[in-house]
Every structure is written in C-alpha cells, then in structure tokens.
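If you read the protein sequences in the order shown, they are chains G and D.
For reference, each letter of the first sequence is one residue, going -9 to 107 in our numbering.
For reference, each letter of the second sequence is one residue, going 3 to 111 in our numbering.
Ideal placement from N, C-alpha and C gives every residue a C-beta, glycine not left out.
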Amino acid sequence: DARVTQTPRHKVTEMGQEVTMRCQPILGHNTVFWYRQTMMQGLELLAYFRNRAPLDDSGMPKDRFSAEMPDATLATLKIQPSEPRDSAVYFCASGLPPGQGGNTEAFFGQGTRLTVV
Amino acid sequence: GQNIDQPTEMTATEGAIVQINCTYQTSGFNGLFWYQQHAGEAPTFLSYNVLDGLEEKGRFSSFLSRSKGYSYLLLKELQMKDSASYLCAVKKAGTALIFGKGTTLSVSS
C-alpha cells in the first residue's frame, strides 16, 4: 500500500527550539511538496522539489525555514528558531507530473501537527 | 498570483444534492483539482479537470469552464460520511497546486 509517510505525527516544542519534520515520498515519485495548513490561511505551499532540486520555495520564510532532499526517499523541513506563529499542520505530498504517468498530482501524507509554546 | 474563491461553509441533508462552486483567476492555467479532507486527516484526491465540461465519477462530478474561471463539484445522494472540507486547487504549468481555503460541508440526517 503506497503512501507518503511523515514523522513525527505530533510535535510540541518551546519557542526558540529547532524543529525537523521528515517525509518519505511514495517510491518512484519524483515531485515532493511541503504545505502548511492553518484555520486562517488554509493550505499554503511552502516548497516544491522535482528530482530532489528545489523548484519553488517562495512561500517559505527563508530566515527560519529550510527544506532539503538529502536523497530520493527523504525530504526534510526545518524550522530554526521556531515561533508560536509556526503552529500549524505541515503536510508533505508527492506525485508524478503529467507526461510521466501523473494526473492526481499530489498524494498527501498524514501531516505533522506542530505546536510551538 | 492566483485568487481562488469558494464558500466557507455549506449545509445539506442526507440524500440531497449539493454543488460547491469555485472561481479562480490565474494565468497559465493547467488544470483544476478537487480534494476532500475529513477533520484531522490528509486531503485526498477527488477529481481533475483540464478541459471544459463535466467529469463524472460515481456520486461525485466536477465541471470546468476555463473561459469563466469557474468550476463546481457536485455531490449526489449525500451521505453523512460526506461531511468534510472540499478544497479547490489550481495548477499552473511548472508550479505546484495552489489551494483555495476550502468549503466545509455539513450533512445532517
């Protein structure tokens, strides 16, 4: 059963601490997305990778957020230092672009619920 | 940028039909997606339209008019389990999906 796996599922941390969220995309998917979801803003795109290269990270606050793909099976999103306003659910999604067998574009993981106190 | 508008909330009763509208403004349009998201869960894919017209998939159908920047999701024979948020998302060529804020549908008996 192919699925996107995210860890941890829940994280509570104190303001100022570093937070690292991990994502394992579906095997064979070459496109990875990070989204953040809040009640006020809905789902916001933070970053977007294809073949491990960042294509768009314009939605990500560069001073504290960073996203990487050390290899094809792992994507990471780091926040340092974390702030209370970063509290949200962070979703990772993966897919294949149209023309490479893709259509649905994004399969979502279960998310990491982050609370910064 | 992209503006994607959909109603915040809708209510309906079991067995009824409901239509959730979505309007968008974007350049380089390359498809419109609908996702379903139950509370506390991940969004899951429902439908994809890139050409004008109606796509039917069981109880769910999605319509697109590119010239009007308009789509709707039609849910028939509503069931309690259809209570969820429905997210409209637009795809531009070369970029990721951009989502609307979602419509929360409540189905009552």
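A residue is called buried when at least 16 other Cβ atoms come within 10 angstroms of its Cβ; H19 (chain G) meets this threshold and is buried.
Rounded to whole angstroms, the gap between the alpha carbons of F98 (chain G) and G96 (chain D) is 19 Å. Distances from the alpha-carbon of F55 (chain G) to those of G:E34, G:C13, G:D47 put G:D47 closest. Taking each of G:P44, G:T(-5), G:Y80, G:M30 in turn and checking the Cα distance to K103 (chain D), the smallest one comes out for G:M30.
Residues of chain D with a Cβ closer than 8 Å to the Cβ of G6 (chain G) do not exist; the shortest Cβ-Cβ separation is about 28 Å. Under DSSP, P44 (chain G) takes part in a beta bridge, and its partners are G:F39.
For G33 (chain D), the enclosing beta strand (DSSP E) stretches over residues 31 to 39.
Each of G:T(-5), G:L17, G:Y25, G:V2 was checked against the Cα of A91 (chain D), and the nearest Cα belongs to G:Y25.
With respect to F23 (chain G), A62 (chain G) sits apart: the two C-beta atoms are not nearer than 9 Å. Interface with chain G (9 Å Cβ-Cβ cutoff): T97 (chain D) is included.
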